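A short write-up of the structure that comes next.
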Amino acid sequence: MQDGFLTVSIIDATNNRPIQNAVVNIYSMSNGSQSSSTLYQNLRSNESGQVTGLVLPAPDVDYSLQPSDVRPYSQYIVEAIADGYETVVIEGTQLLATIEARQGVPMSPRTRSKRSFSRQSELIFDIGEHTLYGTYPPKIPESNLKPLPPPTGFVVLDNPVVPEFIVVHDGLPEDSSAPNYWIPFKEYIKNIASSEIYSTWPEQTIYANVIAIISFTLNRVFTEWYRNKGYNFTITSTTAYDHKFINNRNLFEPINVVVDAIFNTFIKRPPTSRQPLLAQYCDGQKSQCPDQMTQWGSKDLGDQGYDYESILRYFYGDEIVFERAPIVSGVPVSFPGTTLQVGSSGQYVRTIQNQLNAISNSYPAVPKVIEDGIYGTDTENAVKIFQGIFGLPQSGVVDFKTWYEISRVYVATTRIASLNPLI
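Here the UniProt record's numbering is used: the first residue of the sequence shown is 1, the next is one more, and so on.
Take a look at the structure:
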């Protein structure tokens, strides 16, 4: 066994603001004759709603670096208790050796009919197995190119756009009883990648798989694949048709970093198509997919030193090209194209200062700064603290990934009404 690392983040599900002083308990999962045991008890979330620095056993990292019958991750139960909120239990949080996992816990206010001190009910989320270890239906092959939606009187976009939300149908397309979840785009991609590949794999392999996931997802968005069939969602959670989405699962830090850096990057095959490629894939062990990417095969190429472009061209052909979607919906101001740092000045700096101050109202660990449009050491310090809270490298500069993470948190904590609606 080796060590895995865990950060737990507690938020109010109605407004995405952190919950301070929540009680967090960590338990092992029962396994056959072995009953569950308490590993951490009565931990308290800080002013950013977080419990950090948790160290827990995980199987040796080698089990995640090659196909194995041994589960390569450990599973834990995370319980969160807070005054005025329904107790939440996450069963099956996954930890890989040497990797930091981040478990978000959304808590809903308790209804007035229940006493404030009573734990009459718990909201339990059961986290399914990772696709590389568990048993899931193989992908049904489809054409990589789809017919575009017909004119309907609405504006039809000429180019792919990163949407603000992905509406995920948590079941088969025809199952009307399955819930739809509105998931912010970046969080959706992180969820899929954390469910489909291991974060212990080579960085370039992670990049390749994330870009394939983004491209597949943007194809579903751009072609309105399910909406043209009469459904009211973007994509499903079943592996027979789409990627595996697991509601409220934990995310892995190496995957988070990659997604933050390239979340609007996709591949396509010119000159016949302007749509993102429906980049299908399979594991290459339990199922095969000719002319598509195999996940374990991409890992092997990463081990051999292939970069992500070479990995993707190996599987999808030399003719593919890489593009960035120019528009990110729901973002107040797009990234200016150059990194902001000490010495920078102007309206873009003022935008960041304004957004950091708004975020500080919910995350008081982020200090207030003067909104003067001058990037000084106070702004640098506020950026570093923000980066630390949200798992970004603490560089103190606002690059592409930091700009859009600040935008995401700003929107999430200030525009309350439309956040994560559950249909």
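Even for Gly, the Cβ is constructed at its ideal location relative to N, Cα and C.
Owing to the predicted nature of the structure, the values given are computational and were not obtained by experimental measurement.
Candidates the options: closest to residue i by CA position
| i | options | result |
| --- | --- | --- |
| Glu79 | Thr338, Phe390, Thr351, Glu91 | Glu91 |
| Gly4 | Asn228, Gly84, Ser199, Gln341 | Ser199 |
| Asn264 | Ser334, Gln387, Gly134, Met29 | Ser334 |
| Asn25 | Asn15, Thr7, Ala13 | Thr7 |
| Phe123 | Val105, Val167, Tyr136 | The sequence shown places Leu at residue 123, not Phe. That would be Val105, whose Cα lies nearest to the Cα of Leu123. |
| Pro141 | Leu392, Tyr241, Phe252 | Tyr241 |
| Thr93 | Asp378, Tyr27, Ser64 | Tyr27 |
| Ile99 | Asp62, Thr135, Tyr404, Ile10 | Asp62 |
| Phe185 | Ala358, Thr377, Val162 | Val162 |
| Arg408 | Ser362, Pro332, Val383 | Pro332 |
| Glu323 | Pro160, Glu405, Ile370 | Pro160 |
| Ser273 | Ala58, Ser344, Leu145 | Leu145 |
| Thr238 | Gln292, Pro179, Gln285 | Pro179 |
| Ile81 | Ser68, Trp201, Leu96, Val51 | Val51 |
| Lys286 | Asp126, Asp12, Thr131 | Thr131 |
| Asn191 | Pro202, Ser64, Ile127 | Ile127 |
| Glu203 | Asp372, Tyr348, Leu65, Asn361 | Leu65 |
Where residue i falls: helix, strand or coil (DSSP)
| i | result |
| --- | --- |
| Arg324 | strand |
| Asp303 | helix |
| Ser116 | Note that Ser116 scores 44 on pLDDT, short of 50, meaning its location in the model is unreliable and no value can be drawn from it. |
| Arg350 | helix |
| Gln94 | strand |
| Val161 | coil |
| Tyr27 | strand |
| Leu6 | strand |
| Thr294 | strand |
| Trp182 | strand |
| Thr200 | coil |
| Ser74 | strand |
| Lys190 | helix |
| Asp175 | coil |
| Ala101 | strand |
| Thr379 | helix |
| Gln394 | coil |
| Pro106 | strand |
| Pro254 | helix |
| Val168 | strand |
| Gln285 | coil |
| Ala80 | strand |
Residue burial classification, residue i (beta-carbon count within 10 angstroms, cutoff 16)
| i | result |
| --- | --- |
| Phe154 | Note on Phe154: pLDDT 44, under 50, position unreliable in the model; the coordinate value appears next. So Phe154 counts as exposed. |
| Thr38 | exposed |
| Arg44 | exposed |
| Lys299 | buried |
| Thr413 | buried |
| Val70 | exposed |
| Glu47 | exposed |
| Ile255 | buried |
| Asn16 | buried |
| Gln34 | exposed |
| Thr21 | A small correction: the amino acid at residue 21 is Asn; Thr does not occupy that position in the sequence shown. That one is exposed. |
| Ile327 | exposed |
| Gly297 | buried |
| Glu319 | exposed |
| Lys139 | buried |
| Thr111 | exposed |
| Ile77 | buried |
| Ile206 | buried |
| Ile197 | buried |
| Asn42 | exposed |
CB-CB length for residue i against residue j, believed under 8 angstroms
| i | j | result |
| --- | --- | --- |
| Thr339 | Val259 | At roughly 19 angstroms, the Cβ-Cβ gap does not stay under 8 angstroms, so Thr339 and Val259 are not in contact. |
| Gln295 | Asp307 | That belief does not hold up - the Cβ atoms of Gln295 and Asp307 are roughly 17 angstroms apart, past 8 angstroms. |
| Lys268 | Val321 | 6 angstroms |
| Ser74 | Leu56 | 7 angstroms |
| Glu380 | Gly396 | 4 angstroms |
| Glu86 | Met107 | 7 angstroms |
| Phe233 | Gln275 | Going by Cβ atoms, the distance from Phe233 to Gln275 rounds to 19 angstroms, so no, they are not a contact pair. |
| Gly53 | Ile19 | Actually they do not touch by this definition, with Cβ atoms about 19 angstroms apart. |
| Pro72 | Tyr136 | Pro72 to Tyr136, Cβ: 16 angstroms. No contact. |
| Ser195 | Phe245 | 7 angstroms |
| Gly330 | Glu164 | 3 angstroms |
| Asn250 | Tyr181 | Rounded, the Cβ-Cβ distance is 16 angstroms, inconsistent with contact. |
CB contact flag (residue i, residue j, <8 angstroms)
| i | j | result |
| --- | --- | --- |
| Ala325 | Phe400 | no |
| Pro336 | Thr236 | no |
| Ser215 | Leu301 | no |
| Arg415 | Glu253 | no |
| Ile183 | Val168 | yes |
| Pro364 | Ile385 | no |
| Ile352 | Ala208 | no |
| Thr377 | Gln387 | no |
| Tyr316 | Ala279 | yes |
| Ala382 | Tyr281 | no |
| Leu356 | Ile406 | yes |
| Tyr375 | Ser345 | yes |
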